[in-house]
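First residue of the sequence shown: 1, per full-length UniProt numbering; consecutive thereafter. Cβ atoms here follow ideal geometry from the backbone N, Cα and C, with glycine treated the same way. Since the model is a prediction, treat every value here as computed from it, not as a measurement. Working notes for the structure below.
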Amino acid sequence: MKFIVSSSQLLKQLQVLGGVINSNNTLPILDNFLFELSENELKISASDLETTMSSVIEVESTDTGAIAINARLLLDTLKTFPEQPLTFKVEGDNTIEIISEQGKYDMAYFSGDEFPKAVELPSPSSTEIPSHILATAISKTIFAAGNDDLRPVMSGVFFQFNSKELTFVATDAHKLVKYTRTDITADKSAEFIMPKKPLNLLKGILGGSENNVTIEYNDTNAKFTFDNVVLICRLIDGKYPNYEAVIPKENPNKLTVDRASFLNSVRRVSIFSSKTTHQIRLKMAGTELNISAEDLDYSNKADERLNCDYQGDDMQIGFNSRFLSEMLNNLNSNDVLIEMSLPNRAGILTPIDGTEEGELVTMLVMPVMLNG
Numbered sequence: 001m002k003f004i005v006s007s008s009q010l011l012k013q014l015q016v017l018g019g020v021i022n023s024n025n026t027l028p029i030l031d032n033f034l035f036e037l038s039e040n041e042l043k044i045s046a047s048d049l050e051t052t053m054s055s056v057i058e059v060e061s062t063d064t065g066a067i068a069i070n071a072r073l074l075l076d077t078l079k080t081f082p083e084q085p086l087t088f089k090v091e092g093d094n095t096i097e098i099i100s101e102q103g104k105y106d107m108a109y110f111s112g113d114e115f116p117k118a119v120e121l122p123s124p125s126s127t128e129i130p131s132h133i134l135a136t137a138i139s140k141t142i143f144a145a146g147n148d149d150l151r152p153v154m155s156g157v158f159f160q161f162n163s164k165e166l167t168f169v170a171t172d173a174h175k176l177v178k179y180t181r182t183d184i185t186a187d188k189s190a191e192f193i194m195p196k197k198p199l200n201l202l203k204g205i206l207g208g209s210e211n212n213v214t215i216e217y218n219d220t221n222a223k224f225t226f227d228n229v230v231l232i233c234r235l236i237d238g239k240y241p242n243y244e245a246v247i248p249k250e251n252p253n254k255l256t257v258d259r260a261s262f263l264n265s266v267r268r269v270s271i272f273s274s275k276t277t278h279q280i281r282l283k284m285a286g287t288e289l290n291i292s293a294e295d296l297d298y299s300n301k302a303d304e305r306l307n308c309d310y311q312g313d314d315m316q317i318g319f320n321s322r323f324l325s326e327m328l329n330n331l332n333s334n335d336v337l338i339e340m341s342l343p344n345r346a347g348i349l350t351p352i353d354g355t356e357e358g359e360l361v362t363m364l365v366m367p368v369m370l371n372g
């Protein structure tokens with residue numbers, strides 16, 4: 001088995017696939033990339049049993065075969081080469097020889113048969129989404145997903161497809177983001193929970209793609225196909241909480257404020273907040289928003305005023321500044337609307353401008369109890 005490939009093209013593909021490989025695998029074979037050669041096409045795969053990702057690149061060859069090569073060793077070697085053609089040649093005694101302009105390198109390889117086979121999805125449902133929209137949906141929601149191993153359903157992003165719209169939701173019980181596209185629909189209604197790891201991998205590579213992504217799914221697995229990449233992953237098992245029930249419907253107090261100024265104020269004031277609660281206080285009256293924080297342990301306090309448009313009763317509400325910063329940072333709008341009802345009910349953030357046609361973003365942040 002022998003093939004010739006561009007060093008930079010191979011490295012680019014392997015760096016993407018390398019994100020799948022765990023640092024401590026239960027099966028030693030999972031520390032490897034699987035190379036499957038069929039004449040001038042080389043299919044490279046990586047897996048951690050939960051997620052399998054593969055991509056196809058063009059090579060010069062007339063051979064066929066399948067071998068597994070150590071991922072770390074191969075990546076470290078390829079990173080040092082300038083762009084050039086590399087020749088991979090399988091020798092006897094389980095070594096593969098890589099020939100570059102600089103020299104020769106021998107690596108051990110394993111039989112491709114030992115590598116776990118990717119899951120097949122029998123008769124799946126399927127939906128097509130433009131890749132930039134899926135990338136946006138992931139980046140707008142994934143930061144709000146939880147990290148609690150005891151509540152695995154909340155550690156992923158909930159995909160909800162129907163004939164009217166596509167909705168993506170993430171929550172960790174303190175904050176919630178709901179991202180909806182009314183300009184794309186699915187033929188059949190479906191709901192599934194995607195784990196974070198494959199979504200982060202997709203987010204990293206979807207940005208550069210111009211094409212549509214085909215998503216196929218059944219009760220246990222989902223498969224994403226675009227360009228020359230296929231990603232298959234196991235879904236999180238369980239029922240997603242009824243997120244609609246926690247979004248308050250009646251919110252008479254409405255605050256409109258410049259997003260960038262508000263974000264900068266929150267970041268500055270939060271430096272003076274308690275290191276355990278990260279609590280900041282918002283006080284709204286007329287056209288003035290007062291943002292303050294206090295750390296009683298160290299006698300630190302900060303207080304800022306911003307111009308705003310506020311309609312409703314004068315009120316004070318406390319928020320965790322980290323959650324608020326994350327949300328404001330994740331919006332692209334110039335102005336943001338915050339709707340509230342009571343100091344102990346969630347606040348709802350929505351962008352006033354900067355959204356595309358058919359794009360709806362709703363963010364919810366739980367308040368923290370104000371002391372004194």
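DSSP beta-bridge partners of residue i
{"i": "I317", "result": "L282"}
{"i": "R305", "result": "N290"}
{"i": "P195", "result": "G156"}
{"i": "T51", "result": "C233"}
{"i": "I96", "result": "V90, M107"}
{"i": "G347", "result": "V365"}
{"i": "P85", "result": "S6"}
{"i": "F35", "result": "I44, I67"}
{"i": "Q311", "result": "K254"}
{"i": "K249", "result": "DSSP, once it has assigned bridges, lists no residue as partnering K249."}
{"i": "R181", "result": "L166, E359"}
{"i": "V336", "result": "V257, P351"}
Whole-number beta carbon distance between residue j and residue i, since they are thought to touch under 8 Å
{"i": "M1", "j": "D63", "result": "5 Å"}
{"i": "L235", "j": "A222", "result": "6 Å"}
{"i": "M327", "j": "M363", "result": "5 Å"}
Within 8 Å, strictly: CB atoms of residue i and residue j
{"i": "M53", "j": "V20", "result": "yes"}
{"i": "S261", "j": "L324", "result": "no"}
{"i": "Y240", "j": "F158", "result": "yes"}
{"i": "G312", "j": "R281", "result": "no"}
{"i": "L331", "j": "V365", "result": "no"}
{"i": "I98", "j": "V90", "result": "no"}
{"i": "L37", "j": "S61", "result": "yes"}
{"i": "A118", "j": "I232", "result": "yes"}
{"i": "A190", "j": "A170", "result": "no"}
Which listed residue (the options) has its alpha carbon closest to that of residue i
{"i": "N329", "options": "D149, H132, E128, L349", "result": "L349"}
{"i": "G347", "options": "A285, I247, F226", "result": "I247"}
{"i": "H278", "options": "S125, E357, L86, E294", "result": "E294"}
{"i": "Y298", "options": "G318, I271, P343", "result": "I271"}
{"i": "V336", "options": "N320, G354, L342, N344", "result": "G354"}
{"i": "E356", "options": "S111, S7, S125, T136", "result": "T136"}
{"i": "L17", "options": "T171, G92, V229, S139", "result": "V229"}
{"i": "D237", "options": "N162, E210, M154", "result": "M154"}
{"i": "L78", "options": "E36, S131, S7", "result": "S7"}
{"i": "L11", "options": "P85, S163, K203", "result": "P85"}
{"i": "F33", "options": "S45, D314, S23", "result": "S45"}
{"i": "E165", "options": "N371, P367, G358", "result": "G358"}
{"i": "G65", "options": "F88, T214, F81, F226", "result": "F88"}
{"i": "D187", "options": "T127, E288, G208", "result": "T127"}
{"i": "F110", "options": "D258, N147, I67", "result": "I67"}
{"i": "K301", "options": "T256, V269, L30", "result": "V269"}
{"i": "D258", "options": "L231, E288, G208, E216", "result": "E288"}
{"i": "F35", "options": "E114, A170, I129", "result": "E114"}
{"i": "I193", "options": "L75, A108, F161", "result": "F161"}
{"i": "E250", "options": "L342, V119, P130, V169", "result": "L342"}
{"i": "T141", "options": "P116, P152, H132, F168", "result": "F168"}
{"i": "R322", "options": "S274, N344, S100", "result": "S274"}
{"i": "K43", "options": "R72, Q9, D76, E50", "result": "Q9"}
{"i": "N70", "options": "F81, A108, Q15", "result": "A108"}
Classification of residue i by the beta-carbon crowding that lies within 10 angstroms, buried from 16 upward
{"i": "D309", "result": "exposed"}
{"i": "E339", "result": "buried"}
{"i": "M369", "result": "exposed"}
{"i": "G156", "result": "buried"}
{"i": "P195", "result": "buried"}
{"i": "T182", "result": "exposed"}
{"i": "Q13", "result": "buried"}
{"i": "L134", "result": "buried"}
{"i": "P351", "result": "buried"}
{"i": "P28", "result": "exposed"}
{"i": "N211", "result": "exposed"}
{"i": "A173", "result": "exposed"}
{"i": "D31", "result": "buried"}
{"i": "T220", "result": "exposed"}
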